[in-house]
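Chemist: Residue numbers (our numbering), protein chains in the order written: chain A, 1 to 426; chain B, 427 to 486; chain C, 487 to 832. Glycine residues also receive a C-beta, built at the ideal position from the N, C-alpha and C atoms.
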Amino acid sequence: MQLTLARHPITDLKLGPTARLDGTVLTIDVAALRQVVLQDASLVDVEFDIVRPGEACRAGPIFDVIEPRAKAPGGGADFPGILGAPLTAGVGTTHVLDGAAVSVLAEISPDLTRSATGRVLEMSGAPVAASDYAALRHLIVIPHTQPGLSRPAIERAYRIAGLRVAVELARSSLHHAPATCERFDPVGPAENGRDGLPRIAYVGQIFSRQRKPEVDEPILYGANTEGMLPIMLHPDEWLDGAIVPSLHSWFGGTETYFYQNHPIILELYRRHRAREINFVGTVATIAGSDNFDRDRHCRAAANLVKWNLRADGAVLSKYGGGLPHADLAETARLLESMGIRTAVMVSDVSRDRRVESALLFNVPEVDAIVYNGGNGTHWQLPRLERIIAATPEFAKLLAGPLTLDAANIVGVTNQQGASRMRSLVY
Amino acid sequence: MVQITAAKPIAKMVGSNRVVLGTGIVHVTGDAKLPPAEEKELRRKLVQKALDALQSNEQL
Amino acid sequence: MRIAHYLNQFFGGIGAEEHAGKELDIRDGAVGPGKLLESLLGGNAQVVLTFICGDNYAVEHQDKLTAAVLKKLRETKIDLFVAGPCFDAGRYGAAAGALCRAVQTALSIPAVTAMNEENPGVDLYRDTVYIVDSGTNVARLRDVVAKMAALGKKLAAGEPIGAPAEEGYLRQGWLRDQLVEKSAAIRLVDMLLAKLKREPFESEMPATAFAPVPMPAAIGDLSKAKVMLITDGGLVPKGNPDRIEGTAATRWGAYDIKGRDDLRAEDYEVSHGGYDTRFVQQDPDRLVPLDALREMEAKGVIGKLHDEFLSTCGRSNPLSNTRRLGREMVEKIKKEGVDAVILTST
Numbered sequence: 001m002q003l004t005l006a007r008h009p010i011t012d013l014k015l016g017p018t019a020r021l022d023g024t025v026l027t028i029d030v031a032a033l034r035q036v037v038l039q040d041a042s043l044v045d046v047e048f049d050i051v052r053p054g055e056a057c058r059a060g061p062i063f064d065v066i067e068p069r070a071k072a073p074g075g076g077a078d079f080p081g082i083l084g085a086p087l088t089a090g091v092g093t094t095h096v097l098d099g100a101a102v103s104v105l106a107e108i109s110p111d112l113t114r115s116a117t118g119r120v121l122e123m124s125g126a127p128v129a130a131s132d133y134a135a136l137r138h139l140i141v142i143p144h145t146q147p148g149l150s151r152p153a154i155e156r157a158y159r160i161a162g163l164r165v166a167v168e169l170a171r172s173s174l175h176h177a178p179a180t181c182e183r184f185d186p187v188g189p190a191e192n193g194r195d196g197l198p199r200i201a202y203v204g205q206i207f208s209r210q211r212k213p214e215v216d217e218p219i220l221y222g223a224n225t226e227g228m229l230p231i232m233l234h235p236d237e238w239l240d241g242a243i244v245p246s247l248h249s250w251f252g253g254t255e256t257y258f259y260q261n262h263p264i265i266l267e268l269y270r271r272h273r274a275r276e277i278n279f280v281g282t283v284a285t286i287a288g289s290d291n292f293d294r295d296r297h298c299r300a301a302a303n304l305v306k307w308n309l310r311a312d313g314a315v316l317s318k319y320g321g322g323l324p325h326a327d328l329a330e331t332a333r334l335l336e337s338m339g340i341r342t343a344v345m346v347s348d349v350s351r352d353r354r355v356e357s358a359l360l361f362n363v364p365e366v367d368a369i370v371y372n373g374g375n376g377t378h379w380q381l382p383r384l385e386r387i388i389a390a391t392p393e394f395a396k397l398l399a400g401p402l403t404l405d406a407a408n409i410v411g412v413t414n415q416q417g418a419s420r421m422r423s424l425v426y
Numbered sequence: 427m428v429q430i431t432a433a434k435p436i437a438k439m440v441g442s443n444r445v446v447l448g449t450g451i452v453h454v455t456g457d458a459k460l461p462p463a464e465e466k467e468l469r470r471k472l473v474q475k476a477l478d479a480l481q482s483n484e485q486l
Numbered sequence: 487m488r489i490a491h492y493l494n495q496f497f498g499g500i501g502a503e504e505h506a507g508k509e510l511d512i513r514d515g516a517v518g519p520g521k522l523l524e525s526l527l528g529g530n531a532q533v534v535l536t537f538i539c540g541d542n543y544a545v546e547h548q549d550k551l552t553a554a555v556l557k558k559l560r561e562t563k564i565d566l567f568v569a570g571p572c573f574d575a576g577r578y579g580a581a582a583g584a585l586c587r588a589v590q591t592a593l594s595i596p597a598v599t600a601m602n603e604e605n606p607g608v609d610l611y612r613d614t615v616y617i618v619d620s621g622t623n624v625a626r627l628r629d630v631v632a633k634m635a636a637l638g639k640k641l642a643a644g645e646p647i648g649a650p651a652e653e654g655y656l657r658q659g660w661l662r663d664q665l666v667e668k669s670a671a672i673r674l675v676d677m678l679l680a681k682l683k684r685e686p687f688e689s690e691m692p693a694t695a696f697a698p699v700p701m702p703a704a705i706g707d708l709s710k711a712k713v714m715l716i717t718d719g720g721l722v723p724k725g726n727p728d729r730i731e732g733t734a735a736t737r738w739g740a741y742d743i744k745g746r747d748d749l750r751a752e753d754y755e756v757s758h759g760g761y762d763t764r765f766v767q768q769d770p771d772r773l774v775p776l777d778a779l780r781e782m783e784a785k786g787v788i789g790k791l792h793d794e795f796l797s798t799c800g801r802s803n804p805l806s807n808t809r810r811l812g813r814e815m816v817e818k819i820k821k822e823g824v825d826a827v828i829l830t831s832t
């Protein structure tokens with residue numbers, strides 16, 4: 001398994017008529033894209049728009065953000081198990097449109113109890129410094145689903161549409177010479193020439209059983225993770241389309257873009273390349289539905305790290321809401337008891353901004369905690385002329401002026417390690 | 427467990443569920459100012475209070 | 487700047503532990519560390535009032551003390567209230583914190599105190615009172631008072647207060663968001679590698695917190711129950727055979743009381759540096775109420791009193807010790823088939 005990313009830097013996106021990549025400017029064939037998207041009968045129409053960094057515009061609610069990427073011929077499947085057969089991800093060459101993103105809007109609120117606006121893409125003003133997405137050029141996909149569909153069917157349509165557009169866009173670059181080729185180092189539990197370096201593993205939750213997954217909800221190689229136990233994955237599988245976010249767990253922030261550009265995995269690769277660590281592998285796990293389920297998963301994950309990856313240390317991240325912190329802490333506690341040092345990354349669950357409300361666990365050995373903040377931050381955003389939304393209701397809601405919490409700007413809070421918003425203890 | 431102490435706020439802070447107020451820091455279950463017989467009676471009452479707390483599910 | 491200062495009997499120059507029961511005394515002008523405070527603040531800073539009170543009195547009569555202090559402060563123009571520094575002294579810290587909070591809340595007068603992080607006064611009041619980290623070493627009094635002066639000056643002037651590490655106060659426990667350079671992912675890997683290399687690292691969330699302890703169910707029938715006595719007041723057999731330390735004890739002992747109806751003074755001593763142990767020395771039942779429990783046993787109120795009492799010293803004892811001591815005692819308790827424990831604490 002050795003993934004190569006062929007990077008094509010993109011400085012601008014343009015609409016039509018034909019798809020072509022001229023240097024760093026990508027022209028998009030809207031008609032072709034429509035055809036690709038409308039393969040799915042759940043969608044009756046789709047529109048596209050482009051937003052650029054610094055533009056006074058706002059788009060939302062955002063369902064997902066995806067980096068345009070396409071596998072080179074013979075290199076495997078794009079989003080295996082979802083758009084095609086579940087071939088192993090992370091093999092061969094994947095072409096990347098660097099600096100571009102596909103952002104899919106929703107016609108429905110993600111979760112009415114959190115906020116009617118859902119997560120919003122804000123391209124100018126104060127929130128820009130806090131979100132990496134504000135620096136990208138986005139092709140906004142505005143889907144229109146058939147009336148009468150169930151919520152899961154609607155969300156699944158958004159998921160498939162977004163992935164298809166991202167692949168189709170990147171296909172324009174397939175026969176162009178990339179600006180750079182990034183070849184990932186060979187990593188694994190049995191790599192030679194890494195003696196004396198600390199063996200480090202990553203344990204990441206990819207789903208939380210706080211809710212049951214939909215029958216046809218694609219998460220891991222297109223499977224919905226129902227009944228699944230923790231599994232070892234090569235880091236490149238995360239980076240190359242094996243995993244996508246669940247259909248509706250929007251708390252805390254997880255987008256396909258940051259699976260493709262997984263901050264924790266990329267950082268571990270960086271340290272591996274610098275010969276500071278021996279990156280031995282990863283475990284994908286699930287936050288349990290009840291105490292037994294939790295115990296079962298935490299033990300299984302810890303055992304994989306201990307006996308298969310033979311790690312000296314592990315970093316852990318979570319998915320979903322507050323309860324998965326218990327799984328996070330229990331897995332870390334087990335690892336510590338096995339002599340494996342851990343550091344964990346948590347979400348901000350403190351509503352009253354007190355430290356004592358901030359941690360949903362109290363395990364003395366789990367003493368290395370990175371805290372993703374945000375609950376205390378909100379921005380007052382101006383009225384903007386250009387609002388991109390899938391319904392007139394959302395267009396009106398998002399027009400502004402309005403106050404949005406940090407959690408409601410896409411990219412500010414994130415469970416994959418991308419966030420630069422900390423909470424400090426005063 | 428029931429705890430007898432004169433520093434009740436501290437006991438409650440660390441999570442002690444049943445806390446009976448003792449007589450003083452320097453004589454938790456006594457009182458040097460009282461004559462011996464009365465002091466013993468005070469101690470009996472305090473200990474009985476503690477035993478009562480053990481039989482109740484009320485936060486004290 | 488007009489300052490009111492609170493001191494305990496020791497720092498107030500009255501005396502040591504034997505005077506811990508002293509009632510509140512209000513003096514004009516500065517006393518002891520208050521004089522240092524004045525000189526460090528310089529200019530027109532003046533300690534106009536000093537409140538001196540015994541530590542035991544302060545704990546046992548906190549409401550009365552608070553009322554008296556507030557009453558006096560209502561009659562006197564004050565810009566800043568200072569309490570301590572208290573270092574390790576738990577009763578002193580608890581009183582100082584309580585008074586600072588009361589003064590802030592009732593009179594809107596800024597307040598500052600100082601104590602060691604493990605002082606119980608910290609967890610009680612840290613979220614609303616600025617508590618300078620004094621450490622345990624009283625020899626550093628000057629440095630500590632200097633920090634109190636600097637912080638107090640800012641508070642009195644209404645200036646914004648910076649991060650705990652900058653200003654020298656103990657974390658209050660409030661979260662403030664901040665955009666930083668490094669992503670969470672980088673911070674996460676950095677932290678793990680530091681931990682692995684045994685280098686110092688700072689967790690972004692302190693791990694220690696007092697999680698609520700689930701309440702064990704009440705004893706159904708006490709007359710059938712086996713009861714055990716435990717104390718953290720440091721009562722040990724004469725000679726302290728287990729060498730239980732009088733501060734930050736790392737050990738505990740189990741001491742035979744079989745056949746005894748009463749604890750006799752000549753058989754015991756007290757290893758505890760945090761209170762005046764005279765009264766317990768005179769009659770150890772004042773700390774470990776064996777005589778009363780024997781009566782209960784004889785009358786059938788309890789089923790049986792276990793043949794030993796457990797003892798350690800709770801003074802200035804960090805959680806890293808006491809968590810372990812507690813766990814070890816629990817193993818003993820379970821081993822002996824004990825149903826209920828009476829814990830006496832000084």
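Where does A:K71 land, buried or exposed, given buried means 16+ other C-beta within 10 angstroms?
Modeler: Flag for A:K71 reads buried.
Chemist: For the beta strand (DSSP E) containing A:D64, list its first residue and its last residue.
Modeler: Unbroken beta strand (DSSP E) run through A:D64: 62-66.
Chemist: From A:L398 to C:E690, what distance separates their C-alpha atoms?
Modeler: Each residue's alpha carbon lies about 34 Å from the other.
Chemist: Bridge partners of C:W738, per DSSP?
Modeler: C:W738 pairs with nothing; no bridge assigned.
Chemist: Taking the beta strand (DSSP E) that A:H176 belongs to, which residues open and close that run?
Modeler: Run containing A:H176: none; DSSP gives neither H nor E here.
Chemist: Start and end of the beta strand (DSSP E) containing A:M421?
Modeler: Note, A:M421: beta strand (DSSP E), 421-425.
Chemist: Mind listing the chain C neighbours of A:I264? Cutoff is C-beta to C-beta under 8 Å, in chain order.
Modeler: The answer, in chain order, is A671, L674, V675.
Chemist: Check this for me: beta carbons of C:V675 and A:L268, under 8 Å apart or not?
Modeler: Against a cut-off of 8 Å, the Cβ pair of A:L268 and C:V675 comes out as a contact.
Chemist: Any beta-carbon of chain C closer than 8 Å to the one on B:A437?
Modeler: It does; some Cβ of chain C falls within 8 Å.
Chemist: Going along chain C, which residues have a C-beta under 9 Å from B:S475?
Modeler: Inspection of the sequence shows that residue 475 of chain B is occupied by Lys rather than by Ser. Under the 9 Å cutoff, chain C gives no residues; its nearest Cβ is about 11 Å from B:K475.
Chemist: Using the Cα positions of A:K396 and C:E603, report the straight-line distance between them to the nearest angstrom.
Modeler: Their backbone Cα atoms lie some 52 Å apart in a straight line.
Chemist: Using a Cβ-Cβ cut-off of 8 Å (strictly less than) and excluding sequence neighbours within five positions of A:L309, which residues of its own chain qualify?
Modeler: The answer, listed in chain order, is P189, R199, A201, M232, V280, G281, V283.
Chemist: When you compare the CB positions of A:L87 and A:L163, do they come within less than 8 Å of one another, or not?
Modeler: Cβ distance not < 8 Å, so A:L87 and A:L163 don't count as in contact.
Chemist: Any beta carbon from chain C within less than 8 Å of A:R422's own beta carbon?
Modeler: Yes, contact with chain C.
Chemist: Closer than 9 Å, Cβ to Cβ, to anything on chain C: give me those residues from the segment 367-401 of chain A, in chain order.
Modeler: Under the 9 Å Cβ criterion, the segment 367-401 of chain A contributes D367, A368, I369, V370, Y371, N372, G373, G374, N375, G376, T377.
Chemist: Considering only the beta carbon of each residue, do A:G376 and C:D663 sit closer than 8 Å?
Modeler: For A:G376 and C:D663, yes; Cβs fall inside 8 Å.
Chemist: Among residues of its own chain, excluding the 5 on either side of A:R351, which ones have a beta-carbon nearer than 8 Å to its beta-carbon?
Modeler: For A:R351, where only same-chain residues beyond five positions count, the Cβ hits under 8 Å are S357, N375.
Chemist: Taking the straight line between their C-alpha atoms, what separation do you get for B:E467 and C:T562?
Modeler: B:E467 and C:T562: Cα-Cα distance of roughly 45 Å.
Chemist: Is A:S172 closer than 8 Å to A:L402 when the C-beta atoms are compared?
Modeler: Contact flag unset, no.
Chemist: I need the straight-line Cα distance from C:D771 to B:R444, nearest angstrom please.
Modeler: Near 21 Å, if we compare the C-alpha coordinates of B:R444 and C:D771.
Chemist: Measure from the C-beta of B:L480 to each C-beta in chain C and report whether the shortest distance is under 8 Å.
Modeler: Answer yes: the Cβ-Cβ gap between B:L480 and chain C drops below 8 Å somewhere.
Chemist: Any idea what DSSP makes of A:S337, helix, strand or coil?
Modeler: Three-state result, A:S337: helix.
Chemist: Closer than 8 Å, Cβ to Cβ, to anything on chain C: give me those residues from the segment 304-315 of chain A, in chain order.
Modeler: Within the segment 304-315 of chain A, the residues whose Cβ lies closer than 8 Å to some Cβ of chain C are D312, G313, A314, V315, listed in chain order.
Chemist: For C:A734 and chain A, any beta-carbon pair shorter than 8 Å?
Modeler: Judged by the 8 Å Cβ criterion, C:A734 is not in contact with chain A.
Chemist: Spatial neighbours of A:A6 within its chain, please: C-beta separation below 6 Å, excluding the five flanking residues on both sides.
Modeler: Within the same chain, A:A6 has close Cβ partners T93, H95, P178, C181.
Chemist: What number of angstroms, rounded off, separates the C-alpha of A:D405 from the C-alpha of A:A418?
Modeler: The straight-line gap from Cα to Cα measures roughly 18 Å.
Chemist: Which one or two residues does DSSP pair with C:W660 in a beta bridge?
Modeler: Bridge partners of C:W660: A:R354.
Chemist: Counting only C-beta atoms, is C:R772 closer than 8 Å to chain F at any point?
Modeler: Annotation note: the requested chain F is absent from the structure, which comprises protein chains A, B and C.
Chemist: Leaving out five residues before and five after A:D40 in sequence, what residues of the same chain have Cβ atoms less than 7 Å from its Cβ?
Modeler: Around A:D40: A157, I160, A161.
Chemist: Starting from the beta carbon of C:V545, find every residue of chain B whose beta carbon is closer than 8 Å, and list them in chain order.
Modeler: Within 8 Å Cβ-Cβ: A432, A433, I451.
Chemist: Should A:N372 go down as buried or exposed, given a rule of 16 or more other Cβ atoms within 10 Å for buried?
Modeler: Classification for A:N372: buried.
Chemist: For the segment 198-224 of chain A, enumerate the residues whose C-beta is nearer than 8 Å to any C-beta of chain C, in chain order.
Modeler: So the close ones are P198, I200.
Chemist: Using the Cα positions of C:Y754 and C:V774, report the straight-line distance between them to the nearest angstrom.
Modeler: About 11 Å.
Chemist: Pick out the complete alpha helix (DSSP H) segments inside the segment 253-295 of chain A, 4 residues or longer, and give them in chain order.
Modeler: Entirely contained in the segment 253-295 of chain A, the alpha helix (DSSP H) runs reaching 4 residues are, in chain order, 257-260, 263-273.
Chemist: Give me, in chain order, the residues of the same chain whose beta-carbon lies closer than 8 Å to that of A:V120; leave out the 5 immediate sequence neighbours on both sides.
Modeler: Within the same chain, A:V120 has close Cβ partners R58, A59, G60, P61, I62, L398, L404, N408, I409, V410.
Chemist: Can you name the residues of chain B whose CB is closer than 7 Å to the CB of C:P698?
Modeler: Result: G441.
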